[in-house]
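For the sequence shown, our numbering begins at 9 and goes up steadily by one.
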Amino acid sequence: MRITSDWHIHSRNSCDEACMEVADLVRRAEASGIRDFGLTDHLHTPGNLPDLVRSRQEYVASIPPPGFHFGVEVSCVSAWELEQIASGRHGCPVYGLRQGGPAGGRLAIGLSPEDIGRLGVEYVVGGTHWPMYVPLERQEVIRDYHRQNMFLAAHPLVDIVAHPWWWMGRWQAADGSYPAEPWFDDFGRIPASLHDEFAAAAREHGTAVELNLGAVVLNPGYPDRFRHEYVEYLAGLQARGVRLSIGSDCHDRHYAVDFTAAEAMLDRAGIDAAALWRLPLRQGPAGGHAA
Numbered sequence: 009m010r011i012t013s014d015w016h017i018h019s020r021n022s023c024d025e026a027c028m029e030v031a032d033l034v035r036r037a038e039a040s041g042i043r044d045f046g047l048t049d050h051l052h053t054p055g056n057l058p059d060l061v062r063s064r065q066e067y068v069a070s071i072p073p074p075g076f077h078f079g080v081e082v083s084c085v086s087a088w089e090l091e092q093i094a095s096g097r098h099g100c101p102v103y104g105l106r107q108g109g110p111a112g113g114r115l116a117i118g119l120s121p122e123d124i125g126r127l128g129v130e131y132v133v134g135g136t137h138w139p140m141y142v143p144l145e146r147q148e149v150i151r152d153y154h155r156q157n158m159f160l161a162a163h164p165l166v167d168i169v170a171h172p173w174w175w176m177g178r179w180q181a182a183d184g185s186y187p188a189e190p191w192f193d194d195f196g197r198i199p200a201s202l203h204d205e206f207a208a209a210a211r212e213h214g215t216a217v218e219l220n221l222g223a224v225v226l227n228p229g230y231p232d233r234f235r236h237e238y239v240e241y242l243a244g245l246q247a248r249g250v251r252l253s254i255g256s257d258c259h260d261r262h263y264a265v266d267f268t269a270a271e272a273m274l275d276r277a278g279i280d281a282a283a284l285w286r287l288p289l290r291q292g293p294a295g296g297h298a299a
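Now the structure itself:
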């Protein structure tokens, strides 16, 4: 297969280590043969909204071609932490409140339909990025991540569920690898029934599931066995009627992705390129501004 789309890319306007200029992305995407793509800077809580304003302004200034779209990556958070932040007692923490909340509490995203309209957001990528106040134990994390993925698959504002079963942080070895927990020694630790439930939810709500290249499929910190099992898992979702999307999750200064290596892995798994999710070409100029 040939990868010609990329729906998960970060610019220097993201709140993390991302550092790419949007105009440089446009040039390098064209040189890489990526025809349909989107900018998706982070929004964890409403504290990131000024970042998205800058992202939108830089996107419009790049004079985006018709295949270049403006999106956002939201994190699954809790209603409790959004209420706490809105109270003003915690300032405006960019990454939200990562402790103190109720395990099993109501989930949320920090983006509203009004934000989408004001910012000119064309699509929303939603990701599970951290456990939601549960003990850092394998089975607890698996249950919690599944709950978050299911919430995102059913959310009316989310178009794509980002990198299901991605993990970063605890259990990382000194060399940067993840040898075992929470599911890297054996992806079968996650019951097949959870995959079935997730596939059914994504199919029911018409939500795409991301095939994330940089954070998962090509992640050098993940065991080779897991990465290949993961691609087979995504192929299984596609076989169940779930639409997959391609996302590089690029955070680098320049847009340089090893699409050739990714294409070989996807070919071996039998992923159908013709069935991949994409937005239609934008009609007319991007225009507009966010304030």
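All C-beta atoms, glycine included, are put in the ideal place defined by N, C-alpha and C. Note that the structure is a prediction, hence the values are computed from the model and not measured.
query: Considering only residues of the region 186 to 220, which uninterrupted beta strand (DSSP E) runs meet the minimum length of 3 residues and lie entirely inside it, listed in chain order?
result: 216 to 220
Notebook entry, point to check: Any beta-carbon of chain D closer than 8 Å to the one on residue 170?
Noted result: The structure shown contains no chain D; it holds only a single protein chain.
So the alpha helix (DSSP H) residue 31 belongs to, where does it begin and stop? 30 to 39
### Query
Is the region 144 to 152 touching the region 83 to 101, taking contact as three or more C-beta pairs under 8 Å?
no
Could you pull out every unbroken beta strand (DSSP E) segment of at least 3 residues lying fully inside the region 213 to 260, listed in chain order?
216 to 220, 252 to 255
What did DSSP end up calling residue 77 once you bin it into helix, strand or coil? strand
### Task
Tell me whether residue 67 sits in a helix, a strand or coil according to DSSP, three-state version.
helix
Q: For residue 107, count neighbouring C-beta atoms within 10 Å of its own C-beta (all shown protein chains included) and say buried if the count is 16 or more, exposed if not.
A: exposed
Self-check item: Nearest candidate by alpha-carbon position, reference residue 288, set 126, 139, 20, 130
Solution: 130
Which value, in whole angstroms, describes the spacing of the CA atoms of residue 124 and residue 206?
26 Å
Beta-ladder partner(s) of residue 135, from DSSP
83, 170
### Message
Tell me which residues share the same chain as residue 101 and place their Cβ nearer than 8 Å to its Cβ, disregarding the 5 neighbours each side in the sequence.
### Response
53, 55, 93
In the DSSP assignment, what are the bridge partners of residue 116? 85
Discussion item. Nearest by alpha-carbon distance to residue 137: which of 154, 195, 44, 88 is it?
Written reply: 154
**Prompt:** Are the CB atoms of residue 170 and residue 255 nearer to each other than 8 Å?
**Reply:** yes
Less than 8 Å separating the beta-carbons of residue 259 and residue 25? yes
Mapping the DSSP letters down to three states, classify residue 24 as helix, strand or coil. coil
request  = Would you mind working out which of 73, 23, 39 sits nearest residue 46, comparing C-alpha positions?
outcome  = 73
Problem - Where residue 93 falls: helix, strand or coil (DSSP) - result: helix
Report yes if the C-beta distance between residue 238 and residue 225 is below 8 Å; otherwise report no. yes
Between which two residues does the alpha helix (DSSP H) carrying residue 125 extend? 121 to 127
Nearest candidate by alpha-carbon position, reference residue 49, set 233, 252, 23, 40: 23
Option nearest residue 284 by Cα separation, candidates 265, 195, 252 | 252
Note to self: So the candidates are 197, 201, 188; which of them puts its Cα closest to the Cα of residue 229?
What the structure shows: 188
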